[in-house]
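Here's the structure we're looking at; comments come further down.
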Amino acid sequence: MEIQSPPLDLDDMDGLIGLCIDAATKNFESVEKWRRQRRTLERLPTHLGEAVLQRLLARKLVYPSLLEVFRHCVGSINLRGENLVDAEWMAYLGAYRYLHSINVSGCRGINNSTLWALTGMDTLKEVDISRCSKLTDAGIVHLLSISKLEKLFVSQTGLTEKGIIQLSSLRKLSVLDLGGLPVTDLALSSLQVLTKLEYLDIWGSKISDGGAAVLKTFSKLNFLNVAWTNVTKVPYLPNLTCLNMSNCTIHSIFEGIADGEERPHLRKLLLSAATLSDIDEAFLHVEPRHISFLNVSQSTLEEFEFLGNMAALEHLDLSFTRIRDDNISPILLLGESLRYLNLSNTRLTSTGLGLLVGNLPHIESLLLSHTGVDDSALSYTSTMESLKVLDLSNTSIKGLHYIVGHSPDQILTLVELQNLKHLERLDLEETQIRDEAMQPLFGLLGLKSLSLKSDFLSDISLHASSSLLNLKFLGIRGAVLTDAGLQTFNPPPMLEILDLRNCWLVTADGLLSFCERHPKIEVKHEHCQRPVQDHGASGHFSAAGTSATGTSKAMQLRPKKTNTPCSARKECFVDERLRYTREELLELQFSPLSCALPSNNGAVMQQPKT
Numbered sequence: 219m220e221i222q223s224p225p226l227d228l229d230d231m232d233g234l235i236g237l238c239i240d241a242a243t244k245n246f247e248s249v250e251k252w253r254r255q256r257r258t259l260e261r262l263p264t265h266l267g268e269a270v271l272q273r274l275l276a277r278k279l280v281y282p283s284l285l286e287v288f289r290h291c292v293g294s295i296n297l298r299g300e301n302l303v304d305a306e307w308m309a310y311l312g313a314y315r316y317l318h319s320i321n322v323s324g325c326r327g328i329n330n331s332t333l334w335a336l337t338g339m340d341t342l343k344e345v346d347i348s349r350c351s352k353l354t355d356a357g358i359v360h361l362l363s364i365s366k367l368e369k370l371f372v373s374q375t376g377l378t379e380k381g382i383i384q385l386s387s388l389r390k391l392s393v394l395d396l397g398g399l400p401v402t403d404l405a406l407s408s409l410q411v412l413t414k415l416e417y418l419d420i421w422g423s424k425i426s427d428g429g430a431a432v433l434k435t436f437s438k439l440n441f442l443n444v445a446w447t448n449v450t451k452v453p454y455l456p457n458l459t460c461l462n463m464s465n466c467t468i469h470s471i472f473e474g475i476a477d478g479e480e481r482p483h484l485r486k487l488l489l490s491a492a493t494l495s496d497i498d499e500a501f502l503h504v505e506p507r508h509i510s511f512l513n514v515s516q517s518t519l520e521e522f523e524f525l526g527n528m529a530a531l532e533h534l535d536l537s538f539t540r541i542r543d544d545n546i547s548p549i550l551l552l553g554e555s556l557r558y559l560n561l562s563n564t565r566l567t568s569t570g571l572g573l574l575v576g577n578l579p580h581i582e583s584l585l586l587s588h589t590g591v592d593d594s595a596l597s598y599t600s601t602m603e604s605l606k607v608l609d610l611s612n613t614s615i616k617g618l619h620y621i622v623g624h625s626p627d628q629i630l631t632l633v634e635l636q637n638l639k640h641l642e643r644l645d646l647e648e649t650q651i652r653d654e655a656m657q658p659l660f661g662l663l664g665l666k667s668l669s670l671k672s673d674f675l676s677d678i679s680l681h682a683s684s685s686l687l688n689l690k691f692l693g694i695r696g697a698v699l700t701d702a703g704l705q706t707f708n709p710p711p712m713l714e715i716l717d718l719r720n721c722w723l724v725t726a727d728g729l730l731s732f733c734e735r736h737p738k739i740e741v742k743h744e745h746c747q748r749p750v751q752d753h754g755a756s757g758h759f760s761a762a763g764t765s766a767t768g769t770s771k772a773m774q775l776r777p778k779k780t781n782t783p784c785s786a787r788k789e790c791f792v793d794e795r796l797r798y799t800r801e802e803l804l805e806l807q808f809s810p811l812s813c814a815l816p817s818n819n820g821a822v823m824q825q826p827k828t
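Add 218 to the 1-based position in the sequence shown for the numbering used here, that's all there is to it.
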């Protein structure tokens, strides 16, 4: 009997269960206490077994033989990007009785021979081997025996046209990702027998309009990605809800629709960097009323009147387009539905933004990076009370407005943002914000992410951020921070990441001291480096309990020194032998001093007499 499990979220594992999982996956010693209790683990519910295994993977505590413990209680395993995965790992996974989904995408150790372990696994329904560059046509043969396979992801592998054609034998496929592969018109034609296909990704392929005509045989298709191809015309696909034609020259969408046939209810349309010479012709057969997601960033569009008919639009990306103050009016017609609007890297100014006031009552995300807006725009954004995300980076925002004729008097313009009670993320990087302008921001108690980057900020702003009790991310890059300021900084209780990059006055010692006092906070700085993973800890153990190099398990399980999120070097090694010539070194070889050898702990140990 196949065991299915609900989607797993470790954040939901709280209470007693969460404490048990945390204790069981704390370190290698914890694992050793329960790993031999195989009969107990066989009765473990699937969602709990997967939770334990996922936590072990996150903490780098999994080695091949440990996988055997979970063979009866895990139905889905995600090893994406785990570079230690190789043939030995796959051999253990091949014995899983109820495995229905496996993800080894991006694992560098996966090659043709490692897939042999999956041969004939009747329970498998989903396999993701994308970005495994060592896989070729020879390796894909091992998957052809999995008759019940429904979802296959092989993008950016070494498959050729021949290997792609062989996939036609997997008749139950409903999801097929061939992104970045040399899919030709001939190869696509051979896949026509896959009549159950609902999802097809062939971005970057070699298909032309002639090959694209074959797509109409996939009548159940609801997702299609033909980005970065020579396709200019997409045939009529009655059930299509998501279409990606980014970086394509587009002439027509759903060409060939017959009179009386209902237009597809397209909901998501991605046309980033697309060339559209005639937008009316391209959209002639598209039903705009159902589109809720539209990305036309970097496209060649000059006019945007077509937006007025998209009454259901919730997500609109117009970044890097020719949108200006004088052609922004079609956005006003979107009204109640729009939730996300990206106008970054456009010619929009505060004047154009003012036109949107009162017309987007439910907007939640507004991105204005690299635009011409200034402090006057803050009064307009303050009326958008539903805003959760606001990006004003790389703009002319100063936070201060000087009253004409009263040079000593100034107005704090950021006070306008205090009306945004739901604001969670604010980006003010590369603006002209100063310490004296920051005070209003520290009243935004719901803020979870604050990004700042300015030469005019100092320890004053860092200390003031302590009042943001819900803050999880704080970036204060390029500021004039000091070790003394960092030493007296009391971080917000929820803070997880502190980004101090380009704060050139902060020293390695100052960072190390902060990390030792706040080990749960990840610090980003040029003096900080990621903790070096102990590869021996997650190395390959044989059944006899020794690693491949012969090191005993007792040595592998020796308690490790605690790593802080910031590792700053305090010492450097100097090879004193460089001070001597070769002849002097030979003379020192028989010196009485050479009879005293330093031990590992620094004590002097006498060399035994011969």
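By construction, the Cβ of each residue, glycine as well, lies at the ideal position given by its N, Cα and C atoms.
- Query: Got a sec, what are the start and stop residues for the alpha helix (DSSP H) residue 570 sits in?
  - Reply: Stepping through the sequence shown from its first residue, residue 570 is reached at position 352. Per DSSP, residue 570 is one residue of the alpha helix (DSSP H) stretching across 568 to 573.
- Message: Just to confirm the assignment: which complete alpha helix (DSSP H) runs, minimum length 4, are found wholly within the segment 575 to 628?
- Response: 595 to 599
- Sub-8 Å separation of residue 345 and residue 314 beta-carbons: Position 127 of the sequence shown, counting from 1, holds the residue named residue 345. Position 96 of the sequence shown, counting from 1, holds the residue named residue 314. Against a cut-off of 8 Å, the Cβ pair of residue 314 and residue 345 comes out as no contact.
- For residue 310, the first and last residue of its enclosing alpha helix (DSSP H): For this step, residue 310 is matched to residue 92 along the sequence shown. Element bounds for residue 310: 305 to 311.
- Task: With DSSP collapsed to three states, give me the class of residue 345.
- Result: Indexing the sequence shown from 1 puts residue 345 at position 127. Note: residue 345 maps to strand in three-state DSSP.
- What are the complete alpha helix (DSSP H) segments, minimum 4 residues, inside the segment 346 to 406? 355 to 358 and 379 to 384
- Message: Check whether the segment 526 to 535 and the segment 467 to 484 touch, using three or more Cβ-Cβ pairs below 8 Å as the test.
- Response: At 8 Å Cβ cutoff, the stretches do not touch.
- Message: Within a Cβ cutoff of 8 Å, which residues of the same chain sit near residue 440, ignoring the five residues on either side of it in sequence?
- Response: Taking the sequence shown and counting its residues from 1, one reaches residue 440 at position 222. Only 416, 417, 457, 458, 459 and 460 meet the Cβ criterion.
- Starting from residue 247, follow the beta strand (DSSP E) in both directions and report where the run begins and ends. As a working note, residue 247 is residue 29 in the sequence shown. Counting along the chain, residue 247 falls outside any beta strand (DSSP E), though it belongs to the alpha helix (DSSP H) covering 246 to 252.
- In terms of residues, what are the limits of the alpha helix (DSSP H) holding residue 240? Against the sequence shown, residue 240 aligns to sequence position 22. Here the alpha helix (DSSP H) through residue 240 covers 233 to 242.
- Query: Assuming residue 504 and residue 539 make a contact with CB atoms under 8 Å, what is their CB distance in whole Å?
  - Reply: Numbered from its first residue, the sequence shown carries residue 504 at position 286. Numbered from its first residue, the sequence shown carries residue 539 at position 321. The Cβ separation is near 19 Å, so there is no contact.
- Query: Where do the ends of the beta strand (DSSP E) carrying residue 441 lie?
  - Reply: On the sequence shown, position 223 is the one that residue 441 refers to. Here the beta strand (DSSP E) through residue 441 covers 441 to 443.
- Query: Among 389, 390, 384 and 378, which has the Cα closest to the Cα of residue 400?
  - Reply: For the purposes of this step, residue 400 is taken as residue 182 along the sequence shown, with counting starting at 1. Restricting attention to 389, 390, 384 and 378, the CA atom closest to the CA of residue 400 is found in 378.
- Rounded straight-line distance, which links the Cα of residue 696 to that of residue 599: In the sequence shown, counting from the first residue as 1, residue 599 sits at position 381. In the sequence shown, counting from the first residue as 1, residue 696 sits at position 478. C-alpha separation (whole angstroms): 27 Å.
- Query: In chain order, what residues of the same chain lie with their CB nearer than 6 Å to the CB of residue 634, ignoring the 5 residues before and after it?
  - Reply: As a working note, residue 634 is residue 416 in the sequence shown. Answer for residue 634: 596, 597 and 600, listed in chain order.
- Query: With distances taken from CA atoms, which of 253, 362, 236 and 700 is nearest residue 266?
  - Reply: The residue given as residue 266 occupies position 48 in the sequence shown. Nearest of 253, 362, 236 and 700 to residue 266, Cα basis: 236.
- Does the beta-carbon of residue 374 have 16 or more other beta-carbons within 10 angstroms, so that it is buried, or is it exposed? The residue given as residue 374 occupies position 156 in the sequence shown. Residue 374 counts as buried, since no fewer than 16 other beta carbons sit within 10 angstroms of its beta carbon.
- Query: CB-CB under 6 Å to residue 429, same chain, minus the five flanking residues each way: which ones, in chain order?
  - Reply: To locate residue 429, count along the sequence shown from 1; it is residue 211. Same-chain partners within the cutoff: 403 and 406.
- How about the segment 684 to 696 and the segment 712 to 724: do they share at least three Cβ pairs that are nearer than 8 Å? Judged by Cβ distances under 8 Å, the segment 684 to 696 makes contact with the segment 712 to 724, as three or more pairs qualify.
- Pick out whichever of 705, 676 and 637 has its Cα sitting closest to the Cα of residue 654. Along the sequence shown, one-based indexing puts residue 654 at 436. Nearest neighbour of residue 654 by Cα position, chosen from 705, 676 and 637, turns out to be 676.
- Item | Start and end residues, alpha helix (DSSP H) containing residue 283 | Translated into positions along the sequence shown, residue 283 becomes position 65. Run containing residue 283: 282 to 285, per the alpha helix (DSSP H) assignment.
- Query: Just to confirm, are residue 644 and residue 665 a CB contact at a threshold of 8 Å?
  - Reply: By 1-based counting over the sequence shown, the position of residue 644 is 426. By 1-based counting over the sequence shown, the position of residue 665 is 447. Yes, these two residues count as a Cβ contact at 8 Å.
- Item | For residue 643, the three-state DSSP class (helix, strand or coil) | By 1-based counting over the sequence shown, the position of residue 643 is 425. Three-state result, residue 643: strand.
- Message: Does residue 340 pass the burial test, meaning 16 or more other C-beta atoms within 10 Å, or should it be called exposed?
- Response: Numbered from its first residue, the sequence shown carries residue 340 at position 122. Per the 10 Å Cβ criterion, exposed.
- Host alpha helix (DSSP H) of residue 273 (start-end): Working through the sequence shown from its first residue, we reach residue 273 at position 55. 264 to 276 is the extent of the alpha helix (DSSP H) around residue 273.
- Other residues of its chain near residue 438: CB distance less than 7 Å, five sequence neighbours each side excluded: Sequence index remark: in the sequence shown, residue 438 carries index 220 (1-based). Contacts found: 414, 415, 416 and 457.
- Task: Determine the closest residue to residue 431 out of 547, 410, 566 and 500, with distance taken between C-alpha atoms.
- Result: The sequence position of residue 431 within the sequence shown is 213, counting from 1. Checking every option, the nearest Cα to that of residue 431 belongs to 410.
- Item | Candidates 234, 263, 279 and 254, of which the one nearest residue 243 by Cα | For the purposes of this step, residue 243 is taken as the residue at position 25 of the sequence shown. With distances taken between Cα atoms, residue 243 lies closest to 279.
- Message: In whole angstroms, give me the CA-to-CA distance for residue 555 and residue 740.
- Response: Counting from one through the sequence shown, the residue named residue 555 turns up at place 337. Counting from one through the sequence shown, the residue named residue 740 turns up at place 522. Pairing residue 555 with residue 740, the inter-Cα distance amounts to about 38 Å.
- Query: Excluding the five sequence neighbours on either side, which residues of its own chain have a C-beta within less than 7 Å of the C-beta of residue 744, listed in chain order?
  - Reply: In the sequence shown, residue 744 corresponds to position 526, counting from 1. Excluding sequence neighbours, residue 744 sits near 719.
- Query: How is residue 546 classed by DSSP in three states: helix, strand or coil?
  - Reply: As a working mapping, residue 546 is identified with position 328 in the sequence shown. Coil at residue 546, not helix or strand.
- Task: Leaving aside the five residues before and after residue 465 along the sequence, list all residues of the same chain whose C-beta is less than 8 Å from its C-beta, in chain order.
- Result: The residue you call residue 465 lines up with position 247 of the sequence shown. Cβ within range, chain order: 445, 446, 490, 491 and 492.
- Message: Please return the same chain residues whose Cβ sits closer than 6 Å to the Cβ of residue 352, not counting the five positions on each side in sequence.
- Response: Taking the first residue of the sequence shown as 1, we reach residue 352 at position 134. Closer than 6 Å at Cβ, skipping near neighbours: 329.
- Item | N-terminal and C-terminal residue of the beta strand (DSSP E) that residue 717 is part of | Start at 1 with the first residue of the sequence shown, and residue 717 comes out as number 499. It spans 715 to 717 - the beta strand (DSSP E) in which residue 717 sits, taken as one unbroken run.
- Item | Burial state of residue 281 (16 or more Cβ within 10 Å) | Within the sequence shown, numbered from 1, the residue matching residue 281 stands at position 63. The C-beta of residue 281 has 16 or more other C-beta atoms within 10 Å across all chains shown, which makes the residue buried.
- Any idea if residue 273 is buried or exposed, counting beta-carbon neighbours within 10 angstroms, 16 or more meaning buried? Along the sequence shown, one-based indexing puts residue 273 at 55. Classification for residue 273: buried.
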